[in-house]
Amino acid sequence: MGYHNHRVAPQCEHAFCAACINEWLTRQPTCPVDRAAISPADLKPVPRILRNLLARLTIKCENAAQGCTASIKLDSLASHLNECEFNPKKPVSCELGCGSTIPKDELSTHNCVKELRSALQASNNKLTNVQIQVTDLKNQLKDQDREIRMLKEFMRAMRNSNPRIREIHADVENDEILRWVSTLQPARVGWYDIHPDAVLQAVIKRALIDSGCPDHIIQELMENAHERRWPPGLCTLETRQLHRRQYENYVTKRIPGKQAVIVMACENQHVADDMIMEPGLVMIFAHGVE
1 MGYHNHRVAP QCEHAFCAAC INEWLTRQPT CPVDRAAISP ADLKPVPRIL RNLLARLTIK
61 CENAAQGCTA SIKLDSLASH LNECEFNPKK PVSCELGCGS TIPKDELSTH NCVKELRSAL
121 QASNNKLTNV QIQVTDLKNQ LKDQDREIRM LKEFMRAMRN SNPRIREIHA DVENDEILRW
181 VSTLQPARVG WYDIHPDAVL QAVIKRALID SGCPDHIIQE LMENAHERRW PPGLCTLETR
241 QLHRRQYENY VTKRIPGKQA VIVMACENQH VADDMIMEPG LVMIFAHGVE
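Oh and the sequence shown: position 232 is 232 in full-length UniProt numbering, straight run, nothing missing.
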């Protein structure tokens, strides 16, 4: 026991090993020497002079009965016990292949197969608990999504009869769009190889849904995936070539995993009105996105 783990009774000044006196006080709240009343809260660290004396005290190793002949200072006892070759509880590694760390005195009865089975069972139990937690979280998310949808439906029903509700609903939807757009990666694209393939549009729509795109703008974005829906500054190849320099000012975001981007109105308020439309554009490309 290290000298720093000793405690003294404040009234009678009797000193004890901290673990020993605390165990004693669980049975009776008195000093073991003179039976003066004390409690664990009354115990104090030993005075510095006593700590210094204890630090210089040389004692035999606790494993002397097992063959250790070392005599060490009390303040070095703990570190010595961890390394003492005669310590029956010294942690050692199994050399038979399982890699377990076990007390030295249990090495002779150690069973690698049993140890590995136990470790595997513990891992399986932990995995099962994690899977249960994941399932619970998924169910909670489903419940939250259902509640959010119900709230949105309620707000849509209310906004037709209350102007203030309309304003709140519009703010909520705008915030939802901004949060979604902020999760997407910026993109650089070539503006002359636009490829509005109708077959790809269903794939792009699914990618938008998977990315968390708000429900109320998905259909509008997909309707704006063809140049026939685009504003005057983008409606033909000739106008796109004419406005080539203005394209450098666009803020575009990658639709995850697809050769397509979105150009959202909320991120492009700095461009001319004839170059953007609400809520935004979807552009599909033949030769990829950087």
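All C-beta atoms, glycine included, are put in the ideal place defined by N, C-alpha and C.
P232 and K138 have their C-alpha atoms some 45 Å from each other. Excluding residues up to 5 positions away in sequence, V181 and G280 lie with their Cβ nearer than 6 Å to the Cβ of M264 in the same chain.
From the listed residues R117, S93, K60 and E95, the smallest Cα separation to H80 is found for K60. Rounded to whole angstroms, the gap between the alpha carbons of P47 and F16 is 12 Å.
In its chain, beyond the 5 residues on either side, P232 and G233 have a beta carbon closer than 8 Å to the beta carbon of T239.
Contact annotation: the stretch 168 to 177 does not touch the stretch 100 to 118, with fewer than three C-beta pairs closer than 8 Å. Rounded to whole angstroms, the separation of the alpha carbons of Q11 and L77 is 29 Å. Between the stretch 253 to 269 and the stretch 206 to 221 there are three or more C-beta pairs closer than 8 Å, enough to call the two in contact. Taken through DSSP and simplified to helix, strand or coil, L137 comes out as helix. The shortest C-alpha to C-alpha distance from L74 to any of Q66, E62 and E85 is the one to E62. Within the DSSP bridge table, the entry for K60 names S71 as partners. Assigned with DSSP and collapsed to three states, V8 falls in strand. In the DSSP assignment, A198 falls within the alpha helix (DSSP H) that extends over A198 to D210. A buried status is given to I21, since no fewer than 16 other beta-carbon atoms sit within 10 Å of its beta-carbon. Between the beta-carbon of L221 and that of V134 there is about 31 Å, and that puts the pair past the 8 Å contact cut. Around the CB of K253, 16 or more other CB atoms lie within 10 Å, so the residue is classed as buried. The bridge partners DSSP lists for C213 come to none. Going by beta carbons, T30 and I38 fall inside the 9 Å limit. Per DSSP, the continuous beta strand (DSSP E) segment holding I262 begins and ends at A260 to M264. With a 10 Å radius around the Cβ and a threshold of 16 neighbouring Cβ atoms, I148 comes out exposed. Of G67, H6 and P40, the smallest CA-CA separation from L53 is found for H6.
For the options T183, S108 and P45, the alpha carbon positioned closest to that of P214 is the one of T183.
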